[in-house]
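Residue numbers (our numbering): 652 to 1064.
Here it is, written out as structure tokens:
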């Protein structure tokens, strides 16, 4: 018997866009009504991975390509390498779970360099898919169900947006309580401006700004307190007074004693990427490969942390929007934020009212709230776990809407 197509085929065909693997699975079960036992097989074919390796020897590139083809995937290499004209090439491997898993298994029986590549691919895919753990003091973070807000408290006369606004001690303390009231999960206290072109201030002056406010609010607020500093002497005194996190814009690289101090107090740490120093970072920053170089920097910083006894589960990473980046670099980072998930560490993004908004919209810092909210929303959709902001209340509302979208705005909940 000849089967008849739906009368109006154009009404019965469409391309489905799944927001997550969880939505994909539920659609299969509740709309297509597949056998529950088949889900694991469909999952392995659902997502395409693009794995990028740089500067790989020609012979290894050709082996990887042949192995990936045999597994149903593929690998793109330089045409010069495939003809053995060049000795090295970057290589892009692509395939679904099943293809990549087969390659990883086959790589175990290959020569040592290929086996090592297979092992590393297995590791980064595992990291990419897992929800990161973070526990600081008694606070355990739930990144599966919540986006966290770090409220900015600048006790400086010269920060780019709110310099001088909270320089008075009592006003700063009042501001901290207001941030908590509006929903901040972390208060980030900074006594040294790191705006482009800023000069370093003495340790004594930074401590004079930070410690009285830290002491006052530590007694009265239960949220975590972070201190934004790259000086170990400031970190030491802050941790003695009850700070929970050190937010180091240098990724532990400006001060060789920083990692030791953080480790001693079993504190959390934000490891950020920067190119240059606050004084020099925006003087024509250039990269050969932006994301790759940031990843390399963060890898080095994480290694410093681990070697000094900092628990991996206490590390937060920050790609450093505006810290040695061109305007275009900043937007690339936001667009490609998911690539930093290979660390399996919480991703913090700090773009609040920065010039990446002002330069596009021709706005001054006080006009950049809407742009900040929009770019933070995109950052969250692209993988940010923590956003560092001046305006907590407005971002709390934005996160509530995103949460509703990601739970109620699915084909099947």
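Think of the CB as a built atom: it goes at the ideal place given N, C-alpha and C, for glycine as much as any other residue. These numbers come from a predicted model, not from an experiment.
Problem set entry | Per-residue DSSP class, three states only, for residue 867 | Position 216 of the chain shown, counting from 1, holds the residue named residue 867. Helix at residue 867.
For this session: Determine the DSSP secondary structure at residue 932, reduced to helix, strand or coil.
Result: In the chain shown, the residue the question calls residue 932 occupies position 281. Here residue 932 sits in coil by DSSP.
For this session: Would you list the residues sitting across from residue 734 in a DSSP beta bridge?
Result: If you number the chain shown from 1, residue 734 lands on position 83. Paired residues: none, contrary to the question.
Problem set entry | Euclidean distance between Cα positions of residue 897 and residue 880 | Translated into positions along the chain shown, residue 897 becomes position 246. Translated into positions along the chain shown, residue 880 becomes position 229. One C-alpha to the other measures close to 7 Å.
Exercise. Under 7 Å, do residue 942 and residue 987 count as touching if we go by C-beta distance?
Worked result: As a working note, residue 942 is residue 291 in the chain shown. As a working note, residue 987 is residue 336 in the chain shown. Yes; because the gap between Cβ atoms is below 7 Å, this pair is in contact.
Exercise. Per DSSP, what kind of secondary structure is residue 708 in: helix, strand or coil?
Worked result: Taking the chain shown and counting its residues from 1, the one referred to as residue 708 is at position 57. Reduced to three states, the DSSP call for residue 708 is strand.
Problem set entry | Exposure of residue 860, with buried meaning 16 or more beta-carbon neighbours within 10 Å | What you label residue 860 is simply residue 209 of the chain shown in a count that begins at 1. Buried.
Exercise. Got a sec? Which residues, its chain only, sit under 6 Å from residue 900 by beta carbon, not counting five neighbours each side?
Worked result: Translated into the one-based positions of the chain shown, residue 900 becomes position 249. Contacts found: 845, 881, 923 and 925.
For this session: For residue 1041, collect the residues of the same chain with a Cβ closer than 7 Å to its Cβ; drop the 5 residues on either side in sequence, then sort them by chain order.
Result: Reading the chain shown from its first residue, position 390 is the one you call residue 1041. Correct list, in chain order: 803, 812, 813, 1003 and 1004.
Problem set entry | Contact the region 832-846 vs the region 861-879: 3+ CB pairs below 8 Å | yes
Problem set entry | Range of the contiguous beta strand (DSSP E) that encloses residue 799 | The sequence position of residue 799 within the chain shown is 148, counting from 1. Residue 799 -> beta strand (DSSP E) spans 799-805.
For this session: Using three-state DSSP, classify residue 815 as helix, strand or coil.
Result: The residue you call residue 815 lines up with position 164 of the chain shown. Reduced to three states, the DSSP call for residue 815 is coil.
Problem set entry | Straight-line gap, residue 675 to residue 954 (C-alpha atoms, nearest Å) | Position 24 of the chain shown holds residue 675. Position 303 of the chain shown holds residue 954. Residue 675 and residue 954 have their alpha carbons spaced roughly 37 Å apart.
Problem set entry | First through last residue of the beta strand (DSSP E) which encompasses residue 919 | As a first step, residue 919 must be located in the chain shown, where it is residue number 268. Residue 919 -> beta strand (DSSP E) spans 919-923.
Problem set entry | Residue interval of the alpha helix (DSSP H) (run including residue 943) | Here residue 943 refers to the residue found at position 292 of the chain shown. Run containing residue 943: 941-958, per the alpha helix (DSSP H) assignment.
Problem set entry | Beta-carbon contacts of residue 911 that lie in its chain and below 6 Å, excluding the five residues immediately before and after | Here the question's residue 911 lines up with position 260 in the chain shown. So the qualifying residues of the chain are 959.
Exercise. When DSSP labels each residue in this structure, what does residue 889 get in the three-state scheme?
Worked result: Against the chain shown, residue 889 aligns to sequence position 238. Helix at residue 889.
Problem set entry | Buried versus exposed call for residue 597 [16 or more other C-beta atoms within 10 Å across all chains shown] | The structure shown does not extend to residue 597, since the chain is modelled only from 652 through 1064, so no value can be given for it.
Exercise. Residue 768 by DSSP, collapsed to three states: which one?
Worked result: The residue given as residue 768 occupies position 117 in the chain shown. Residue 768 falls in the helix class under three-state DSSP.
For this session: Answer yes if the region 725-735 comes into contact with the region 773-781, meaning at least three C-beta pairs across the two stretches below 8 Å, and no otherwise.
Result: No, the region 773-781 does not touch the region 725-735.
Problem set entry | Under the three-state DSSP convention, the category residue 969 falls into | Looking up residue 969 in the chain shown gives position 318. DSSP places residue 969 in the strand class (E or B) of the three-state scheme.
For this session: Return the residue from the list 689, 723, 712 and 685 that minimises the CA-CA distance to residue 700.
Result: Here residue 700 refers to the residue found at position 49 when the chain shown is read from its first residue. Residue 723 is the option with its Cα nearest to residue 700.
Exercise. For residue 1043, which residues of its own chain have a beta-carbon under 7 Å away from its beta-carbon, when the five flanking residues on both sides are left out?
Worked result: Translated into the one-based positions of the chain shown, residue 1043 becomes position 392. Answer for residue 1043: 800, 802, 830, 833, 834 and 835, listed in chain order.
Exercise. Span of the beta strand (DSSP E) holding residue 682?
Worked result: By 1-based counting over the chain shown, the position of residue 682 is 31. No beta strand (DSSP E) holds residue 682; DSSP gives it neither H nor E.
For this session: Out of 1026, 997, 1016 and 1008, state which residue places its alpha-carbon closest to the alpha-carbon of residue 797.
Result: To locate residue 797, count along the chain shown from 1; it is residue 146. Out of 1026, 997, 1016 and 1008, 997 has the C-alpha closest to the C-alpha of residue 797.
Exercise. Taking the alpha-carbon positions, what's the residue 969 to residue 1001 distance?
Worked result: Numbered from 1 along the chain shown, position 318 holds the residue referred to as residue 969. Numbered from 1 along the chain shown, position 350 holds the residue referred to as residue 1001. The straight-line gap separating the alpha-carbon atoms of residue 969 and residue 1001 is approximately 8 Å.
Exercise. Between residue 770 and the ligand GDP, is the CB less than 6 Å from at least one heavy atom?
Worked result: The ligand GDP is not among the ligands present in this structure, which contains no ligands whatsoever.
Problem set entry | Supposed close pair residue 679, residue 690 - CB separation, criterion 8 Å | Your numbering for residue 679 matches position 28 in the chain shown. Your numbering for residue 690 matches position 39 in the chain shown. Yes, residue 679 and residue 690 are in contact; Cβ-Cβ is about 6 Å, under 8 Å.
Exercise. Closest by CA to residue 664, which one among 719, 1024 and 656?
Worked result: Translated into the one-based positions of the chain shown, residue 664 becomes position 13. Comparing Cα positions, the closest option is 656.
Exercise. Three or more beta-carbon pairs under 8 Å between the region 757-770 and the region 713-721, yes or no?
Worked result: yes
Exercise. Can you name the start and end residues of the alpha helix (DSSP H) that residue 1026 belongs to?
Worked result: In the chain shown, counting from the first residue as 1, residue 1026 sits at position 375. Element bounds for residue 1026: 1020-1032.
Exercise. Should residue 808 and residue 794 be called a contact, given that it needs their Cβ atoms to be closer than 7 Å?
Worked result: The sequence position of residue 808 within the chain shown is 157, counting from 1. The sequence position of residue 794 within the chain shown is 143, counting from 1. No, the pair does not count as a contact, with Cβ atoms beyond the cut-off.
Exercise. Any contact of the region 965-985 with the region 742-762, i.e. 3+ C-beta pairs under 8 Å?
Worked result: In short, these stretches do not touch, since the Cβ pair count stays below three.
Exercise. Cα-Cα, which of 875, 769 and 704 is closest to residue 787?
Worked result: Locating residue 787 in the chain shown gives position 136, counting from the first residue. Looking from the CA of residue 787, the closest CA among 875, 769 and 704 belongs to 875.
Exercise. Who pairs with residue 744 in a beta bridge, going by DSSP?
Worked result: Within the chain shown, the letter at position 93 stands for residue 744. In the DSSP output, where bridge partners are listed per residue, residue 744 has 702 and 726.
Exercise. For residue 917, which of 964, 862, 672 and 935 has the nearest alpha-carbon?
Worked result: The residue given as residue 917 occupies position 266 in the chain shown. When only C-alpha atoms are compared, the closest one is 964.
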